[in-house]
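Taking this note's numbering as reference, the numbering of the sequence shown is continuous, increasing by one, and the terminal residue is 1078. Cβ coordinates follow ideal geometry from the N, Cα and C atoms, glycine included. Note that this is a predicted model, so its numbers are computed, not measured. In what follows, a structure is listed as structure tokens, so that the remarks can point back to it.
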Amino acid sequence: MDEGCSRIRRRVSVRKRNRPSLESLFAAPTAAELKSGDEEKEDEDEETVSGSRRRKTMDVQPVENIDSEEDMFGDYDSFAENSFLAQVDDLEQKYLQLPEHRKHATDHAIEDLCSESIKHNTLSITTVGDCTELKIDEHTKNQSGHEDVSVDPEADVLYDIPSSQVLFFENLYNSSSDLGDPSTEERDWNSSSHKTANEELPINNVEHPQQTDESSSKVRTSSDVNRRKSLKDHLKNTMTGNAKAQTPVFSRTKQLKETLLSEEINVAKKTIESSLDDLGPFYSLPSKVRDLYVQFKGIEKLYEWQHACLTLNSVQERKNLIYSLPTSGGKTLVAEILMLQELLCRRKDVLMILPYVAIVQEKISGLSSFGIELGFFVEEYAGSKGKFPPIKRREKKSLYIATIEKGHSLVNSLIETERINSLGLVVVDELHMIGEGSRGAILEMTLAKILYTSKTTQIIGMSATLNNVEDLQEFLQAEYYTSQFRPVELKEYLKIKDAIYEVDSKAENGMTFSRLLNYKYSDTLKKMDPDHLVALVTEVIPNYSCLVFCPTKKNCENVAEMICKILSKEYLKHKEKEKHEVIKNLKNISSGNLCPVLKHTIPFGVAYHHSGLTCDERKLLEEAYSAGVLCLFTCTSTLAAGVNLPARRVILRAPYVAKEFLKRNQYKQMIGRAGRAGIDSTGESILILQEKDKQQVLELISRPLENCYSQLVQEFTKGIQTLFLSLIGLKIATNLGDIYHFMSGTFFGVQQKILLKERSLWEITVESLRYLIEKGLLQKDTILTEKGLLQKGTIHGSEEEFQYSFHITKLGRASFKGTIDLAYCDSLYKDLKKGLEGLVLESLLHLIYLTTPYDMASQCHPDWMIYFRQFSQLSPAEQNVAVVVGVSENFIGKKASGQAIRKVDKNIVNRLYLSFVLYTLLKETNIWSVSEKFNMPRGYIQNLLSGAAAFSSCVLHFCEELEEFWVYRALLVELTKKLTYCVKAELIPLMEVTGVLEGRARQLYNAGYKSLMHLANANPEVLIKTIDHLSRRQAKQIVSSAKLLLHEKAEALQEEVEELLRLPSDFPGIVASSVEKA
1 MDEGCSRIRR
11 RVSVRKRNRP
21 SLESLFAAPT
31 AAELKSGDEE
41 KEDEDEETVS
51 GSRRRKTMDV
61 QPVENIDSEE
71 DMFGDYDSFA
81 ENSFLAQVDD
91 LEQKYLQLPE
101 HRKHATDHAI
111 EDLCSESIKH
121 NTLSITTVGD
131 CTELKIDEHT
141 KNQSGHEDVS
151 VDPEADVLYD
161 IPSSQVLFFE
171 NLYNSSSDLG
181 DPSTEERDWN
191 SSSHKTANEE
201 LPINNVEHPQ
211 QTDESSSKVR
221 TSSDVNRRKS
231 LKDHLKNTMT
241 GNAKAQTPVF
251 SRTKQLKETL
261 LSEEINVAKK
271 TIESSLDDLG
281 PFYSLPSKVR
291 DLYVQFKGIE
301 KLYEWQHACL
311 TLNSVQERKN
321 LIYSLPTSGG
331 KTLVAEILML
341 QELLCRRKDV
351 LMILPYVAIV
361 QEKISGLSSF
371 GIELGFFVEE
381 YAGSKGKFPP
391 IKRREKKSLY
401 IATIEKGHSL
411 VNSLIETERI
421 NSLGLVVVDE
431 LHMIGEGSRG
441 AILEMTLAKI
451 LYTSKTTQII
461 GMSATLNNVE
471 DLQEFLQAEY
481 YTSQFRPVEL
491 KEYLKIKDAI
501 YEVDSKAENG
511 MTFSRLLNYK
521 YSDTLKKMDP
531 DHLVALVTEV
541 IPNYSCLVFC
551 PTKKNCENVA
561 EMICKILSKE
571 YLKHKEKEKH
581 EVIKNLKNIS
591 SGNLCPVLKH
601 TIPFGVAYHH
611 SGLTCDERKL
621 LEEAYSAGVL
631 CLFTCTSTLA
641 AGVNLPARRV
651 ILRAPYVAKE
661 FLKRNQYKQM
671 IGRAGRAGID
681 STGESILILQ
691 EKDKQQVLEL
701 ISRPLENCYS
711 QLVQEFTKGI
721 QTLFLSLIGL
731 KIATNLGDIY
741 HFMSGTFFGV
751 QQKILLKERS
761 LWEITVESLR
771 YLIEKGLLQK
781 DTILTEKGLL
791 QKGTIHGSEE
801 EFQYSFHITK
811 LGRASFKGTI
821 DLAYCDSLYK
831 DLKKGLEGLV
841 LESLLHLIYL
851 TTPYDMASQC
861 HPDWMIYFRQ
871 FSQLSPAEQN
881 VAVVVGVSEN
891 FIGKKASGQA
901 IRKVDKNIVN
911 RLYLSFVLYT
921 LLKETNIWSV
931 SEKFNMPRGY
941 IQNLLSGAAA
951 FSSCVLHFCE
961 ELEEFWVYRA
971 LLVELTKKLT
981 YCVKAELIPL
991 MEVTGVLEGR
1001 ARQLYNAGYK
1011 SLMHLANANP
1021 EVLIKTIDHL
1031 SRRQAKQIVS
1041 SAKLLLHEKA
1051 EALQEEVEEL
1061 LRLPSDFPGI
1071 VASSVEKA
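So this is what it looks like as structure tokens:
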């Protein structure tokens, strides 16, 4: 680094003229001299000085947005003969004539100013641990004399400042003199330097010409001119560039100076890029990251396994990695540190794939604070949120946090725009989900495409429940790390009747007797609680927490009520005031409504938790549980795979999930919630079983975890066909040979010997392609014969067959860009086409029908009496929508009266019923009243709403690819926004902030926080006092998320402005000059 920098300095010094010291520029003038100087240069310098004064009084901003070559000469951008360079030459001549005796009077002032600035900047940049760390002392020392040019040893410190910076120094000094006390200026300057270096100094600042000379770079940092350049300055830059393009005749001097400067920048780039891997002492990260983990998460020290994993050779060499540990072992922290290394050290974007929307939002809330402090963006890709392709950032990097489906779409868009190499790291949580249905198939497609198209993207996969790791290792070409570490010891128990047995792998039948339950039950209580649940939970609550996993949602509510009927009144007194607050807040977020079950159970510290609750309710109950206000949850298995809510004791009500017997993976995830790190010394799990299930349970606790198998072929339309369509659409593989080769590298390809018994991979490939051609999604090129497709018995095709190629049709491209399930793409196209003939726009009902998800309609069972009642209440225009789609009032009336009628398309009828639900919800925006009207669980209605918002976004992308559907584009943008938020318009800006749901948004709005800017500038301490039931952690997360979102929007607008003002690469003058050179 130092060698590179000194090389730059020598090259600069070769071209310097022998001239007297330029320190005389900064001499402290007498009052008379200042006055006369001001009079003489009033017209010439008035604008420059006042501009400097304005800039110095504003808030100082980071340097990171300088990205234009015009900035190399400060505010002077003209390249014409009366340009900044010409002024510099005039200035040199002027000062050659000044008396030499002024030199000594200025030495002390200059040295004080520069040394203070340089000293402070060196300190700040070292604190960041940036690879751009500058050795200012050596630089200053070397500047006084270079081997190439003889310089007077007593020459000034700033002798080697490029002449292009001299006028800037003079203006700086003049403005500081005009503004008064120079000491104040120095303090402001130093503090701004400190902020810039610590918070937002990008590694690639070497792109800015000022950085070829460290001293001038420090002075540039002192002013906020970099951030606050007005539109006038941008226009000035652009006009200058245009003038330059149209006037190819330059003076020889200026060409040499520009060439030299360009060379200096390139050398500096190479020098700094050579040491991009290590930014500091905390696993190659700045020590600030360690401090932030202490501040935000209370993590002061890593576990031994975490340190071992982070220092693995495979991790250091950026090889792909799979690691597996028990639940609560601290897997996520390792992934976060690796993501920060990629964002801050290697300056690459990162994608994190998580299984559920709730976990995505939780993770964004947790990492937004890090993004603000360390200078990167955190972007949400879940539901209907996410921009495709993502905004291309020039300075800061982005951490994309996505669900499985949105992660796939994001990777597709990056491949299509040839930006996949900008993705440095992909982290997959719950990697075992690759073997679970259609979502597993989508995850496999995503990873296979990354492996095939980018050799520089690292993949990290983690899971608590992996067995056949060898297959996954082969697929991902990854190393494997595992440990049985658990921060809290876990003890597993089984309960049969009154006896409790401890699970013991060394025992003959896998368990040893532990104790008998000692709880006095009356005959009445035994009938109410035959499984002795109350006896088990009262051993830990209310002082410790407990989770009871139940097979069904209805069972959760029944068990919660049953426990509260038996619990003594003493439990009502525990944290009575806080529980009253929880009930009050539940009413507030639900427009005064409260579930009768929760109204009864919460005073006892008990609540149920399942998908029937709204997101607002779940979030509030989870917060109350984490705070210790609620001590018992009765919940379904989804809680084990969702948000992190550990407990002292976990009880499994039965070894079933719905009607299916428990799987080993599910069991391990549930019992993994037992034991809270830092709170409990041990965690306990108790599985309640009946005598009839004993043998199956003994097998369950002893057998290994289930293997995960590829779902690519099992999920036909969402799997292999979707994959082939996108491969051809993205031009990853367009002929039979390449597609077959791609398939060989998938997880399915690795497992084909196990999964394929009757057919070969070649036959499945050919069959799938034929199906896509028949559906009109692909077309075969007619150059070659159809031999490759028609010979079913062929195992290995000829060379000609391997070259047989395909291209995607317009319908195929629309389906793949919209990520439409291929089972429904025909239906969607027909429905949209039919809609064009008579689209009813008097209400939203027709558009809502077109964006109601097909898969949810197929699972719907309408209540015909409710259907008929709601139909009757529609206006004539709204009833006309039903007629257009093919459902008559007569049909619904007959179904409601139980009459046998002719067959009508069930999917259309069901879809229209769900459209009524959504339409009513958008009109009333009260989920409780809609739930009551349609006799549906409010959680189901909310899932329907989020599903419709996501599908509406997909339909929008589908229509963007088909010119005939141009009319839907504008309409669906607005509808998607309505479905996404489903609130009054004034709350939408607040709900854009991750973690702010409707109830919280209404609280904030009523408290006066009515916009994103209000939230971004809010004080968390004030929020806590203003908003009911808001913890300090949540307040900080809301403010951090708002700040990050505001920064993202500002950055996007700024980049759009700069793009508009940038000289086009195909500008005629530039093209002509390049042709002449050639």
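Could you check what DSSP says for residue i in three-state terms: helix, strand or coil?
| i | result |
| --- | --- |
| D616 | helix |
| Q165 | Confidence at Q165 is low in this model, with a pLDDT of 46, below 50, so its placement is unreliable and the value that follows should be read with caution. The answer is helix: DSSP assigns Q165 an H, G or I state. |
| Q458 | strand |
| D855 | helix |
| K392 | coil |
| Q779 | strand |
| F1067 | coil |
| F806 | strand |
| V1114 | Nothing in the structure corresponds to residue 1114, since the chain is present only between 1 and 1078. |
| Y544 | coil |
| L632 | strand |
| R1062 | coil |
| T717 | coil |
| N467 | coil |
| E993 | It should be pointed out that residue 993 corresponds to Val in this sequence rather than to Glu. Three-state result, V993: coil. |
| I866 | helix |
| H1047 | helix |
| S815 | helix |
| M936 | coil |
| S284 | coil |
| Y981 | helix |
| A499 | strand |
Closest to residue i by C-alpha separation, out of the options, would be which residue?
| i | options | result |
| --- | --- | --- |
| I866 | N588, E1056, I892, L778 | I892 |
| S284 | L344, Q295, Y293, A335 | L344 |
| L613 | E963, N943, S858, L979 | N943 |
| F747 | E444, S314, P286, R813 | E444 |
| S454 | K387, N320, T524 | N320 |
| K387 | H957, K1036, L1012, A464 | H957 |
| G812 | L777, E1059, V1022 | L777 |
| I754 | V378, V713, G939, K1010 | V713 |
| E379 | K297, F868, K1043 | K1043 |
| M528 | A560, P551, I353, E502 | A560 |
| D905 | F916, L447, V885 | V885 |
Excluding sequence positions up to five away, which residues of its chain have a Cβ less than 6 Å from the Cβ of residue i?
| i | result |
| --- | --- |
| A1052 | I391 |
| A31 | With a pLDDT of 44 at A31, under the threshold of 50, the modelled position of that residue is not reliable, and no figure is offered here. |
| Y519 | A535 |
| G947 | P853, M856 |
| S628 | The residue asked about is misnamed: residue 628 is Gly in this sequence, not Ser. Nothing listed; no residue qualifies. |
| R1062 | none |
| G793 | Confidence at G793 is low in this model, with a pLDDT of 39, below 50, so its placement is unreliable and the value that follows should be read with caution. Result list for G793: empty, nothing under 6 Å. |
| L832 | F965 |
Looking at chain D, is there any beta carbon in it that lies within less than 9 Å of the beta carbon of residue i?
| i | result |
| --- | --- |
| F748 | This model lacks chain D altogether, as it is built from one protein chain only. |
Keeping to the same chain, check which residues put their C-beta closer than 8 Å to that of residue i; ignore five residues upstream and five downstream.
| i | result |
| --- | --- |
| L921 | I927, V930, I941, L945, C982 |
| I299 | Y293, L333 |
| A1001 | V983, L987, L990, M991 |
Apart from the five residues on each side of it in sequence, which residues of its chain come closer than 7 Å, Cβ to Cβ, to residue i?
| i | result |
| --- | --- |
| M743 | G749, L761, T765 |
| H307 | none |
My assumption, with CB atoms under 8 Å, is that residue i sits in contact with residue j. Please give the rounded CB distance.
| i | j | result |
| --- | --- | --- |
| P355 | I401 | Actually they are not in contact, since the Cβ atoms of P355 and I401 sit about 12 Å apart, beyond 8 Å. |
**Q.** Segments assigned alpha helix (DSSP H), at least 4 residues, entirely inside the segment 1006-1038
**A.** 1012-1016, 1020-1026
Q: Run through the segment 636-714 for me and flag every whole alpha helix (DSSP H) of 4 or more residues, listed as ranges in chain order.
A: 638-641, 664-671, 694-702
Q) Fully enclosed by the segment 501-587, which beta strand (DSSP E) runs are 3 residues long or longer? A) 511-516, 546-549
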